[in-house]
Amino acid sequence: MLPLRIIDLNFNLYDEVTKYESLQLTRSWSEIGSIELKINRYAKGAVHLLRDRIIFPHNQLHKAYIIQHREIELDEAGKETENWLIKALPLKSWFTQRIIQPPAHTSNDYKQGPAETVMKHYVNNNAVNPVDPKRKFPNLVIAPDLKRGDTISRSARFDVLSEELTTISQLSGLGWNIIIDIKNKKFIFDVSKGVNRVSTQQINPPVIFSPEYNSLKSLGFTESYLNYKNMAYVAGQGEGVDRRVIKLGDSVEGYNRYELFVDARDVDEKIQKEGTDEEGNPSTEDVPRPVEDIVKDLTERGEEKLDEHKQEIFMEGQILTKSPFKYEIDWDLGDITTEQYKEWGITMDALITEVKEIYEVAGKRIEVAFDNDKPTFISLLKRELKQLKKDLKR
C-alpha cells in the first residue's frame, strides 16, 4: 500500500495512513483530478481524515489532495459498514473557488505573452496578489516565470480561474499544479512542460506503449467525426453587414468542408485608456484597438473553437505493472509517447493527459488516457454552458 501523510493547512503533521481497502489517485495534466480512499474507520490515522486536511504520498509533494467529502459506506443490503469513503481534490482545485475579475478600468482582463506568463498572470491577480485581500489564498506563492509555451492572447471576464487555466493548458500543452513546500511552509503554483519521448525523436529515450513491447495490458481506441468542423466564420462586434467577420480554413471545399459559426462579440473593438481631463482629474476614454490586434484575437477564438471540434481520437489503456517502461522514471504525466497496436494498424504520438494510480489489496495498477479523454454527456454540456456564460457576462 502507498503510505499517505495527513497535514492541515498550517502544515502540521497529524499521522500517516498505511492500511486501507483501496485508493484511486487520479492525476490530470490540464484539468483537476481526484482521490477516492476507502478505509476502515478504526484504522490507524483514519480519525484525522477530516475536511480541509491535506493528504499526500510520502515524499511526493506534487500529489497533494485536500479532503472535501466523507461518507460511511453502505453494503448491498443498505446497512452501514465500518468503512469511510473519503474523496479529495488536488490543491489546484482551489482555483475553482475564484473567478477572474477584470481590472476596474476595463471590461476584460487582457493578457498577451507566453502561455506560462498568461497563466501566472491570472493566478497572481485572482489568488495570490488580488486587489481585494479577502480573495488571497494564505501561503500560496507562484514559481518564477520561465516564459514557456507559444505566445497567446487571452481575454477573461468573470470566468472561473481553473477553467481558464484548463483552456490555456489544452491550447499550449503545458500542465499546471500546486506543490507543497514543507520546509518553507508554502503552496507553490507552477507550470510544467512534458518530455518528448516519441519513437521518432533521438534526444530522449523513447517510450512505446504496445503489446509487442510488453508495456500495455489493454488499449481502447475511438475515432470519431460526429462533432467535426474544419472551417469557421468568426464574428466580432458590430450589427448586420457592419459586423466584423473573419474566415478560418476557407480553402477547404466540397464534401470535405464542415462549417462552424463562432460568436466572438466579446472581443472588444476599443479599450479604455486612462488619462486626465482638462482640470487634471483622472479620467478614461475609449480608444480604438489596432485592427491587427482585433483580427488576432478573433483568429485565436476561432482556432480555440475549431480545436474543440477537431477529429476525435481517444485512446486509453492499462499499463503492465512489469512493463520495461517504469512510471515516473521512464515516463510521466504530460509526456508525449508513442502508442502502437499493429493488429489495428494504429501508431500515433500522444500526450499523456491523465494517470490513474489504483492501489488495492490485490496489488497496484496504472491506467492512462492519451490526449483528451473521451467526452461524456456532462463534459459536452459543460462546453455549451461555458459559451452561454460568456454571452451572459457581456
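According to my numbering, the sequence shown holds residues 2 to 395 in order. In this text, a Cβ means the ideal position worked out from N, Cα and C, and glycines have one as well. Values in this document were obtained by computation on a predicted structure and should not be read as measured data.
The Cβ atoms of Thr97 and Ile209 do not sit closer than 9 Å to each other.
In this structure, the beta-carbon distance from Asp350 to Ile314 does not fall below 9 Å. Exposed is the label assigned to Ala105, since fewer than 16 other Cβ atoms lie within 10 Å of its Cβ.
Separation of Leu334 and Leu249 (C-alpha to C-alpha, rounded to the nearest whole angstrom) is 33 Å.
Asn257 sits in a helix when the DSSP states are folded into three classes. Proximity to Leu51 across Lys297, Val362 and Ile87 peaks at Ile87, based on C-alpha coordinates. DSSP, read as helix, strand or coil, puts Asp9 in coil. The residues Lys112, in chain order, have a CB closer than 6 Å to that of His122 in the same chain once the five nearest residues on each side in sequence are set aside. Membership of Arg302 in the alpha helix (DSSP H) is indicated by the continuous run Val292 to Glu309. Contact between the region 225 to 240 and the region 255 to 266 is established, with three or more Cβ pairs separated by less than 8 Å. Taking 8 Å as the upper bound for CB-CB distance, Pro4 and Thr19 are in contact here, some 5 Å apart.
Under the three-state reduction of DSSP output, Ser193 falls in the strand class. Shown here for His310: same chain residues with a beta carbon closer than 7 Å to its own, the five before and five after excluded, namely Asn228, Tyr229, Lys230 and Leu261 in chain order. Within 10 angstroms of the beta-carbon of Val288 lie fewer than 16 other beta-carbons, which makes it exposed. By the neighbour-count criterion, in which a residue is buried when 16 or more other Cβ atoms sit within 10 angstroms of its Cβ, Trp345 is exposed. Buried is the label assigned to Thr354, since at least 16 other Cβ atoms lie within 10 Å of its Cβ.
Under the three-pair Cβ rule at 8 Å, the region 314 to 324 does not count as touching the region 190 to 198.
In this structure, the straight-line span from the alpha carbon of Leu24 to that of Asp133 is close to 39 Å. Put simply, of Ser94, Val362, Leu162 and Gln61 the residue whose alpha carbon is nearest the alpha carbon of Ile101 is Leu162. Under DSSP, the beta-bridge partners assigned to His70 are Lys88. Per the C-alpha coordinates, the member of Glu275, Ile272 and Val268 positioned closest to Val296 is Val268.
Annotation note: the region 185 to 249 contains the following uninterrupted beta strand (DSSP E) runs of length 3 or greater, listed N- to C-terminal: 187 to 193, 217 to 225, 232 to 236 and 246 to 249.
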